[in-house]
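Student: Take this structure first; my questions come after.
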Amino acid sequence: MDATMATDRTHGMVSAACPRRPPRTTAYRPWFDTSVNVGRLLTNTARRVPERTAVTWGDQSITYAEFDRRATALARGLAGLGVGRGDRVGVFMRNRPELLESMFACFKAGYCLVPLNSRFTSDEVGYHMVDSGAAAIIAEEVGEAVVAGADLGGAATVVTGDGYEDLLARSGGDGAGVEIDVDGDDLAWLFYTSGTTGRPKGAVGTHRNICTNLMNLFFINTRGQMRFGSSLADTTGKTQPAYLLSVPLFHATGCHAVMVTNLAAGGKIVMMHHFDPERALELIERERIATFGGVPAMVMQVLDSPNFSKHDTSSIRGVSYGGAPAPPDLVRRIRAAWPIGQPSNGYGLTETSSVTSMNSGGDYIARPESVGPPVPVTDVAIVPEDFTGDEPDDTIPRGPDVRGELWIKGPQVVRGYWHRPDETAQTFTKGWLHSGDVARLDEDNFIYIVDRAKDMIIRGGENVYSVQVEAALFEHPAVADCAVIGVPEPTLGEEVGAVIVLRPGFKVAADELSKHVKERLAGFMVPTHIWFREEPLPRNAAGKVLKRELRDELVGTPTAQSKTDLESPA
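For the sequence shown, the working numbering gives the first residue as 60, with consecutive numbering after it.
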């Protein structure tokens, strides 16, 4: 693919009615002469390497030729049920081959993919189906009862198993004649994210959004190979790397950064139903996995496994993660485990179609606290809280010590939120996404995420950034995982609380952890409430800690601060 950037073109924001091709009003820098048809990416790979394994799931494998045929047949089958170009299609299942087939069926035929969390209740499935106005839903057998109890708004239902296979068979064995010539600005997906009112809202994504993310990752991989001598994907067709997919495909990271990128490169995706470190080690050895990752906690759990040394993990060439703060010490641990492997830490949001920045190889080793510079064709700015403009200008302060909200602009930024004009207007202005994350930029334009704005703790008028406190706690050798939360306090407003999960076989006193943080940070940032937790921290499907759930569970309960010692579970 040509990595040359063209001159500015235009990109429109979504209207309240969210038309398939909204008017173009906002300038951006796109990639030049690249595909903007996601469905065609699979077709091209299937023609290039038809007999390669595309997906492995348990003992089941499927070649690229078969994968492409089945996805195309499913697209035709959905058309027979009345689904038309631009219609939304819900997909409700865990990671499995049929989920990938369903996604590419939508991309091929110009349907709009609506991935649903496989843990949803009937009410949640119904909300997303009605809100998106979906014409159909594809579900796996274990979710059939949930779907049956949901208000689907009249959508057609397809369930994996015999009914799914019958639909594919009826649509024609060759699976030909469905691919359309989509426009880059055609609607491709609605990924739902949490709303300010508590109701999820759909981020409106296009084919161009996904293909921009793909080109950015290809560029980063090629540059990394040239600079650091390790390739995380192969676009030449000579070898086939394997990627361990341990994150859900109903999240932008799994779909855009992992699935689309690996399938376009001709790689093999090894799927897990859900993440388990012991199972991950087994698959790394059996499938000769080249790359794995997820969120930092997943990588740490693999490294902390008591069975780590019992498995052959020498095939690893890359460990990539994002979605949550990464302790700087994780880079050292990765390098110790895989000396020839390249660690990488990325940052992005659903609204940026996955990746906004990436820090990899020698850059990451040199700046382990950074999430890297912006990816190509992407602009970023640090905007102060009291800024009232629609786009950054010369009045905003600049410099490595300036902290503020991170704003992002580029062709991978979505148009807005489905049928949410007010929230769209608040979050997107003149093509700039207001991320809600507090960040800073160093002199080389590397991004440092200071905190999520809503996670910032205000203690006696002082801003406490939870990410900084968590990073300090992670430097203690006994800490396997941690989360910093605000604890209400009448005089100061809030105090700093920390929830700690210890590494197997370690023990530590709360006072020791407080002293450890005080040696690294200002006194007002030291946790005054510390809870030790034996079970893993609660996380959502994307791997982010559910801090609100922790606050509800712990605030007001006796803390572990009075304990002098605690041993972690065996």
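Backbone N, C-alpha and C define an ideal beta-carbon position, used for all residues, glycine too.
All values reported here derive from a predicted model rather than from experimental measurement.
State the start and end residues of the unbroken alpha helix (DSSP H) segment that holds Q119.
Tutor: Segment Q119 to T122 is the beta strand (DSSP E) holding Q119; no alpha helix (DSSP H) there.
Student: Quick one: Cα of E199 to Cα of H588, how far?
Tutor: Cα to Cα, the separation comes out at about 44 Å.
Student: Do L465 and D422 have their beta-carbon atoms positioned less than 7 Å apart in this structure?
Tutor: Contact: no.
Student: Excluding the 5 residues preceding and the 5 following T437 in the sequence, name in chain order all residues of the same chain whose CB lies nearer than 6 Å to its CB.
Tutor: Result list for T437: G469, in chain order.
Student: Please say whether N154 and L308 have beta carbons closer to each other than 7 Å?
Tutor: Against a cut-off of 7 Å, the Cβ pair of N154 and L308 comes out as a contact.
Student: What span of residues does the beta strand (DSSP E) with M188 cover, start to end?
Tutor: Note, M188: premise wrong, no beta strand (DSSP E); alpha helix (DSSP H) at S181 to S191.
Student: Please specify which runs of the beta strand (DSSP E), each continuous and at least 3 residues long, are wholly inside the region 335 to 421, giving them in chain order.
Tutor: With a minimum length of 3 residues, the continuous beta strand (DSSP E) runs that stay inside the region 335 to 421 are 350 to 353, 377 to 381, 401 to 408 and 413 to 419.
Student: Flag this pair as yes or no: are the beta carbons of R266 and V148 separated by less than 7 Å?
Tutor: Checking the sequence shown, residue 266 turns out to be His, not Arg. For H266 and V148, no; Cβs fall outside 7 Å.
Student: What did DSSP end up calling T447 once you bin it into helix, strand or coil?
Tutor: It is coil, neither helix nor strand.
Student: With distances taken between CB atoms, is the gap from A228 to A214 smaller than 7 Å?
Tutor: No. Outside cutoff.
Student: Among the residues of its own chain, which have a CB less than 6 Å from the CB of L613, if the five just before and after it don't count?
Tutor: Excluding sequence neighbours, L613 sits near W590.
Student: Are at least three pairs of beta-carbons, each pair with one atom in the region 487 to 501 and one in the region 433 to 451, less than 8 Å apart?
Tutor: They touch, by the three-pair rule.
Student: Hey, P355 and L389 are a contact pair by Cβ (cut 8 Å); roughly how many whole angstroms apart?
Tutor: That pair is a contact at about 6 Å.
Student: For A385, collect the residues of the same chain with a Cβ closer than 7 Å to its Cβ; drop the 5 residues on either side in sequence, then sort them by chain order.
Tutor: Excluding positions up to five away in sequence, the list reads P355 and N404.
Student: Starting from the C-beta of V317, find all residues in its chain whose C-beta is less than 6 Å away, skip the five residues before and the five after it, and write them out in chain order.
Tutor: Cβ neighbours of V317 beyond the five flanking positions: L304.
Student: Does DSSP put L304 in a helix, a strand or coil?
Tutor: L304 falls in the strand class under three-state DSSP.
Student: Please state if the CB of V604 and the CB of V555 are separated by a distance shorter than 7 Å.
Tutor: No, Cβ-Cβ distance for V555 and V604 is not below 7 Å.
Student: State the beta-bridge partners of L175 as determined by DSSP.
Tutor: DSSP lists F151 as partners of L175.
Student: Using DSSP with H/G/I as helix, E/B as strand and the rest coil, what is E608?
Tutor: Correct three-state label for E608: helix.
Student: Do W397 and I375 count as a contact pair if the criterion is CB distance below 7 Å?
Tutor: Their beta carbons are under 7 Å apart, which means I375 touches W397 by this criterion.
Student: Taking only the alpha-carbon atoms, compute the straight-line gap between L580 and M515 and give it to the nearest angstrom.
Tutor: Roughly 16 Å between the two C-alpha positions.
Student: Check L613 in the structure and name its three-state DSSP category.
Tutor: Of the three classes helix, strand and coil, the one that applies to L613 here is helix, per DSSP.
Student: For the beta strand (DSSP E) holding L551, just list the boundary residues, first then last.
Tutor: First-last for L551: undefined, no H or E at that position.
Student: Taking T104 as the reference, which of V439, A323, R129 and R562 has the closest Cα?
Tutor: The option with the nearest alpha carbon to T104 is A323.
Student: Find out if the Cβ-Cβ distance for the pair C171, L226 is shorter than 7 Å.
Tutor: No.
Student: Does the beta-carbon distance from V329 to L342 come in below 7 Å?
Tutor: Yes, these two residues count as a Cβ contact at 7 Å.
Student: Span of the beta strand (DSSP E) holding T265?
Tutor: K260 to T265 is the extent of the beta strand (DSSP E) around T265.
Student: What is the residue span of the beta strand (DSSP E) that G222 lies within?
Tutor: No beta strand (DSSP E) holds G222; the alpha helix (DSSP H) holding it covers D221 to R229.
Student: What residue does the alpha helix (DSSP H) around V528 start on, and which one ends it?
Tutor: From DSSP, the alpha helix (DSSP H) with V528 extends over S525 to F533.
Student: Quick check: what's the CA-CA separation for T122 versus A568?
Tutor: Cα to Cα, T122 sits roughly 53 Å from A568.
Student: Rounded to whole angstroms, what is the Cα-Cα separation between D611 and R598?
Tutor: Approximately 14 Å, taken between the alpha carbons.
Student: Do V217 and I197 have their C-beta atoms closer together than 7 Å?
Tutor: Yes. Within cutoff.
Student: When you compare each of L362, G220 and G145 to V263 by their alpha carbons, which one comes out closest?
Tutor: Ranking the options by Cα distance to V263, first place goes to G145.
Student: Secondary structure at P480, three-state DSSP: helix, strand or coil?
Tutor: Helix at P480.
Student: With contact counted as at least three CB pairs below 8 Å, one residue from each stretch, are the region 428 to 443 and the region 475 to 486 in contact?
Tutor: Touching, no, given that fewer than three Cβ pairs across the two stretches are closer than 8 Å.
Student: Could you tell me the alpha carbon to alpha carbon distance between T294 and P259, rounded to whole angstroms?
Tutor: Confidence at T294 is low in this model, with a pLDDT of 42, below 50, so the placement of that residue is unreliable and no value is reported for it.
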